[in-house]
Each structure stands twice: as structure tokens, then as C-alpha cells.
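Numbering (my numbering), first residue to last: 14 to 377.
Just so you know, even glycine gets a beta-carbon here, dropped at the ideal spot from N, CA and C.
Structure record follows, encoded as C-alpha cells.
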């Protein structure tokens, strides 16, 4: 269809399936880090308001280091998406260009606010104001991203938007899926952060009361958060075109992940309730925390795959088939890239372990 720019004559240097695997894997890792940041801000502020200054400070002091992972892990899926869907993504990015470019300044604001909050928490000073500012900025960036990722699926509105503003001061506000999609991803931060909170309760050196509070709160946030996300999942599904949703469900791959998301959501709710009950026993809490973290990651992975299916079928209905691309694979280069990619993932894991152990030495 003429709505899409002409396909780049340069063929893809690797198979489409490989780019999609790398994109979805890196996006899952990025979403987990974003969920930890957003959920951490929500929980830290909630604990501070409730008078639980020690758990709130513990969470806040971990967020500056997490910001580095959020940004670094966010670059990869964006680059892979540009390779696969550039003809749609570049167009939608230009149409909301002012807001899209503003993300850089907003990220700088988050960095500053999070570091200021952590520094104030270290000094036993009030940090809620910059923490709340960071939360608002994260929500704003998430809303801008939701605008772009939904707008790229709607080529039928591009001409009107291009004539409506030449400065990029516009958003995809007419999209019926936008708000439900944004709220779905926002509430997804709660079960992930709840699982991480249960894991944080296993940290050595905590007082028994603090340990029990973190384990109990982690279980409650996991169970309550996944219930809240399920309600917005229902709204997001209802907002999707029926043909797109049916195509996802009927597809053997994407349909399996859709049912997998439901299964992991049920498991998260059950494990969260068990975590609340088991908070009095450290050994049982450890098993519950590990299970919660594992299921939470699987849930995020299922979310990414269902999202991938919705995007592919939406674009296919508009005339763009991502699988119909010219491919000339340069396997030696692909091999080098995969080696470096695996090394980067291993290094990220190593740095995570180092940061975690460093926090165990820090004063709580």
C-alpha cells in the first residue's frame, strides 16, 4: 500500500526470525528493568508515606544503578525494531517528533531526580519530592512510547497528522487502544516489583521485622498487581480490532504465548498469596521469592510475544508484512554479532551480581 514508504533496497543481513528473536529477548530484559524502576518508585514512595522509611530508603538507593540498565537495555530492542519495522516506526516517530526527541531530556530529568532522591535517602533527608518527580517523568516517557508504538500501526491516520502539524507537536490521541495499552504496561510493573521485593527480603543483615515486612509486602504487591493488570489486559483486548485479536489467538505460536500469559498470571497470583502467608518463615520465603521472580520474567516474556503478534497482524492488515523482506545473510558477520551479543548479556548478568553484592555491604 502507498501509505508505507518504499522498502529500502538494501536487503536484511540476517533472517527475519533471528532479528525477531533478538528483538523480543532484549525487549523482555528492557521491560523487566523498566518495571523494576517504575515499581520501585511506586513502592518506595508508598512506603515513605506509610512511615516505613527503612524499606523505602533501601529501594530508593538501588534505583540509580538500575537506570543504567534501563537505558542500555532499551537501545537494543529499539535498534532491532528499526531494522524490521523502520518504514512504519520512522514515520510515526517523525509525526510525534517533538515529543519523541523530548524523551532524551526526560531521561536526563529522571537520572537527576533518582540520584538526588538516593543521595537524600543516604543522608536521612526528605527525598519524596524528587522521587515523585522521577515517577511522573517515567510515566510520561511510557505514554510517549505507547503513542509511538500504536501510531506505527495506523498508517491510515498518517496523512491527516502530517497535514495537521509540521512541528511534531501532536500525539496519537484518537487511538482507541492507547490508554488501555499504556495502563496495561504501567500496572505490569507491580507484580515484577513485588517479586523483586520478595527477593530483597532475603538480603543478609536485615532485622526480622523488616524481613517479614518486605516478604509480606512483596507477596501482596505481586498478587494485587497482577489482578490489576489483568483488568487492564481485558480492556486492551477489547480495544483491539477483532480480526487482529482472533489472528493472534489462532496463530499456533502467538496463541500459545497468549495462554501462557494467562497461566503465568494465575501462578503469580497464587505465589503472591503464598508469599504473604509464608513471610514468617525464612526458608519458605526464599523458595517463594525465587519462584516469583522466575514466573514474573516468564510473564513479561509472554507479554512481549503477544505484543509482537498484535504488531505483526496489525501491520499485515495495513499492507506491511515483516516476513516479506529480501534477506542476504552474511553468516560470518552474524556469528560475530551473536558472540558479542551473548558476551554483552553475560557481562550484564555479571554486573548485576556485582551491584547486588555491593549493596549488601552498604549501610541500610
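| query | result |
| --- | --- |
| Rounded distance between the beta-carbons of residue 185 and residue 191, thought under 8 Å | 6 Å |
| Neighbour-count burial assignment, residue 118, 16 or more Cβ in a 10 Å radius | exposed |
| The region 310-318 touching the region 37-48, judged by at least three CB pairs closer than 8 Å | yes |
| Three CB pairs or more closer than 8 Å across the region 227-238 and the region 284-292 | yes |
| Distance between beta carbons of residue 111 and residue 180, contact taken as under 8 Å | 6 Å |
| C-beta atoms of residue 203 and residue 53 nearer than 8 Å | no |
| Cut-off 6 Å between Cβ atoms - residues of its own chain near residue 150, not counting five sequence neighbours on either side | 119, 122 and 123 |
| Cβ contact (3+ pairs, closer than 8 Å) linking the region 261-277 and the region 298-307 | no |
| Residue environment, residue 163, which counts as buried when at least 16 other CB atoms sit within 10 Å | buried |
| Spatial distance of residue 339 from residue 333 (CA atoms) | 14 Å |
| Boundaries of the alpha helix (DSSP H) in which residue 337 is found, first to last residue | First-last for residue 337: undefined, no H or E at that position. |
| One or two residues paired with residue 25 in a DSSP bridge | 340 |
| Per-residue DSSP class, three states only, for residue 166 | coil |
| DSSP state of residue 109 mapped onto helix, strand, coil | coil |
| Inter-stretch contact at 8 Å, needing at least 3 Cβ pairs: the region 24-34 / the region 346-360 | yes |
| Whole-number beta carbon distance between residue 148 and residue 58, since they are thought to touch under 8 Å | 7 Å |
| The region 246-261 contacting the region 213-227, beta-carbon criterion three pairs below 8 Å | no |
| Own chain residues within Cβ distance below 8 Å of residue 189, not counting five before or after | 252 |
| C-beta contact flag for residue 183 and residue 84 at 8 Å | no |
| Helix, strand or coil at residue 63 according to DSSP, with G and I counted as helix | coil |
| Residues of its chain near residue 200, where Cβ-Cβ distance is below 6 Å and the 5 sequence neighbours each way are ignored | 241, 242 and 245 |
| DSSP three-state assignment for residue 374, whether helix, strand or coil | Since pLDDT at residue 374 reaches only 43, below the 50 mark, its modelled position is unreliable, and the value read off the structure follows with that caveat. If DSSP states are grouped into helix, strand and coil, residue 374 belongs with the helices. |
| Residue range of the unbroken alpha helix (DSSP H) whose run includes residue 255 | 255-263 |
| Own chain, CB closer than 8 Å to residue 23, minus 5 neighbours either side, in chain order | none |
| Euclidean distance between Cα positions of residue 266 and residue 330 | 19 Å |
| CB of residue 141 within 8 Å of CB of residue 61, strictly | yes |
| Beta-carbon contacts of residue 210 that lie in its chain and below 7 Å, excluding the five residues immediately before and after | 56, 227, 230, 231 and 234 |
| Segment limits, alpha helix (DSSP H) that includes residue 242 | 221-252 |
| Cβ pair residue 146, residue 175 closer than 8 Å | no |
| Cβ-Cβ distance between residue 165 and residue 102 below 8 Å | yes |
| Alpha helix (DSSP H) runs wholly inside the region 119-169, at least 4 long, in chain order | 141-164 |
| Nonlocal neighbours in the same chain, by C-beta distance under 6 Å from residue 74, ignoring five residues either side | 131 and 134 |
| Nearest-angstrom beta carbon gap, residue 205 and residue 45 [assumed within contact, 8 Å] | 6 Å |
| Where residue 189 sits in the DSSP three-state scheme | coil |
| Close Cβ partners of residue 194 (< 7 Å) along its chain, the five nearest in sequence each way excluded | 159, 163 and 249 |
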